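Below is one structure, written out as structure tokens; comments come after it.
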């Protein structure tokens with residue numbers, strides 16, 4: 172039973188503690204700890220389809236990616252905000268694509284209830300608004316991540332060879348790290364996690380660089396260089412994010428199990444460097460195991476949340492089965508479509524409320540503990556991890 176005089180945020184819990192819990196979760200100023208900027212211009216229908224599910228392209232004649240959990244959730248939650256009523260799947264796109272993109276951006280970003288966005292600006296920036304414009308549109312605070320592969324590819328594009336690359340990378344990384352709150356690596360996309368994570372010396376890195384062809388310089392896949400750039404980032408002591416599990420078709424899930432990071436995580440723990448596992452589907456259990464067994468590992472189920480839509484409670488429940496609650500974070504991984512910035516927050520709040528309400532109702536959790544854990548996951552853990560000011 173819940174004490175009917177218990178108060179949270181000025182609201183007295185009387186006959187319906189679940190409604191009070193819902194209100195508490197709705198009022199959380201989220202920290203989206205891994206996200207990208209939104210589109211500058213309205214996409215065409217084909218581009219919209221690609222952006223819904225990080226897909227390789229349209230499904231084919233007579234098929235739409237809106238016919239998915241992600242598509243159904245997007246239309247259900249976003250159409251009332253944009254159109255004043257809930258639309259059907261077939262009505263949404265024509266109406267949406269006739270709208271001014273800046274107005275859609277403003278509506279979706281502000282409705283998300285995010286107080287701070289921690290942005291990875293390292294991919295596809297030409298299609299997106301810049302960070303200053305994002306602040307204006309969202310009216311939120313913004314912090315920045317550094318994508319390690321983008322730094323390395325920039326250095327290689329400047330003509331670095333095996334002799335000059337290590338020092339040129341260090342210099343460029345130092346420049347880009349100034350003012351950043353963390354790093355991000357997409358080595359899961361490029362070479363997988365099942366590589367030799369021992370720190371390579373400059374000579375070995377140089378040989379790997381000299382062996383690269385033009386394609387390897389444009390899209391870094393060499394495992395020696397991948398290990399090198401992560402180790403260089405470790406010197407800053409800032410959190411390093413690792414894309415884990417699902418993404419677009421470039422990810423080979425056979426090589427992205429986070430258990431393969433164990434040796435690296437031991438080294439990072441010894442050096443006091445936090446490791447953050449992003450998205451994690453279908454490796455939520457492996458990731459939560461690592462969070463439980465290491466003092467420096469954190470996780471989210473970000474991208475999995477909006478992709479699973481009405482089923483978003485499933486990846487969150489798997490994560491919360493073993494992951495210590497101070498190690499679980501919120502992210503959307505939204506890129507491009509402003510609907511995804513809002514949808515990530517919407518389905519996260521709904522899934523968190525569903526789980527916490529169940530556990531409070533069963534008597535396994537108290538109302539106070541449910542509110543406290545919701546605050547941890549929604550913003551407190553990220554504020555502590557990235558050393559950013561508390562969102563009011």
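Numbering (my numbering), first residue to last: 172 to 563.
Think of the CB as a built atom: it goes at the ideal place given N, C-alpha and C, for glycine as much as any other residue.
The model shown is predicted, which means the values in this text are computed figures rather than measured ones.
Can you tell me which of the three DSSP states residue i falls into?
i, result
"residue 230", "coil"
"residue 526", "helix"
"residue 437", "helix"
"residue 417", "coil"
"residue 369", "coil"
"residue 179", "Reliability fails at residue 179, whose pLDDT of 48 lies under 50, so the model's placement of it is uncertain and the value that follows must be treated cautiously. Of the three classes helix, strand and coil, the one that applies to residue 179 here is strand, per DSSP."
"residue 275", "helix"
"residue 453", "coil"
"residue 332", "coil"
"residue 349", "coil"
"residue 306", "helix"
"residue 258", "coil"
"residue 423", "coil"
Give me, in chain order, the residues of the same chain whose beta-carbon lies closer than 6 Å to that of residue i; leave out the 5 immediate sequence neighbours on both sides.
i, result
"residue 479", "240"
"residue 172", "Only weak support exists for where residue 172 lies, its pLDDT of 35 falling under 50; the coordinates are left without a value."
"residue 306", "313"
"residue 505", "206, 511, 512, 515"
"residue 508", "222"
"residue 430", "457"
"residue 549", "199, 201, 501"
"residue 407", "348"
To the nearest angstrom, report how far apart residue i and residue j are at their CA atoms.
i, j, result
"residue 276", "residue 308", "7 Å"
"residue 334", "residue 377", "6 Å"
"residue 280", "residue 379", "43 Å"
"residue 301", "residue 208", "7 Å"
"residue 348", "residue 520", "32 Å"
"residue 330", "residue 385", "11 Å"
"residue 223", "residue 416", "18 Å"
"residue 337", "residue 346", "14 Å"
"residue 400", "residue 233", "45 Å"
"residue 570", "residue 433", "No answer is possible for residue 570: the residues shown for the chain start at 172 and end at 563."
"residue 502", "residue 450", "8 Å"
"residue 423", "residue 332", "29 Å"
"residue 495", "residue 465", "11 Å"
"residue 475", "residue 452", "6 Å"
"residue 438", "residue 461", "14 Å"
"residue 533", "residue 299", "45 Å"
"residue 311", "residue 286", "5 Å"
"residue 263", "residue 251", "10 Å"
"residue 527", "residue 541", "6 Å"
"residue 421", "residue 359", "9 Å"
"residue 481", "residue 273", "28 Å"
"residue 340", "residue 326", "6 Å"
"residue 212", "residue 220", "15 Å"
Less than 8 Å between C-beta atoms, sequence neighbours within five positions excluded: which residues of the same chain meet that for residue i?
i, result
"residue 390", "324, 361"
"residue 215", "268"
"residue 469", "410, 445, 446, 447, 448, 462, 498, 499, 500, 552, 556"
"residue 375", "395"
"residue 238", "260"
"residue 547", "496, 497, 499"
Spell out the partners DSSP gives residue i in its beta bridges.
i, result
"residue 412", "355, 447"
"residue 536", "DSSP lists no partner for residue 536."
"residue 289", "314"
"residue 391", "Residue 391 pairs with nothing; no bridge assigned."
"residue 201", "285"
"residue 299", "210"
Ordered along the chain, which non-local residues of its own chain (more than five positions away) have a Cβ less than 7 Å from that of residue i?
i, result
"residue 254", "266"
"residue 561", "554"
"residue 517", "248"
"residue 455", "472, 486, 489, 490"
Could you tell me whether the Cβ of residue i comes closer than 9 Å to any Cβ of chain D?
i, result
"residue 405", "You won't find chain D in this structure, because it holds only one protein chain."
Quiz prompt | Contiguous beta strand (DSSP E) assignments of at least 3 residues, all confined to the stretch 207-252 | solution = none
Exercise. Run through the stretch 462-521 for me and flag every whole beta strand (DSSP E) of 3 or more residues, listed as ranges in chain order.
Key: 468-470
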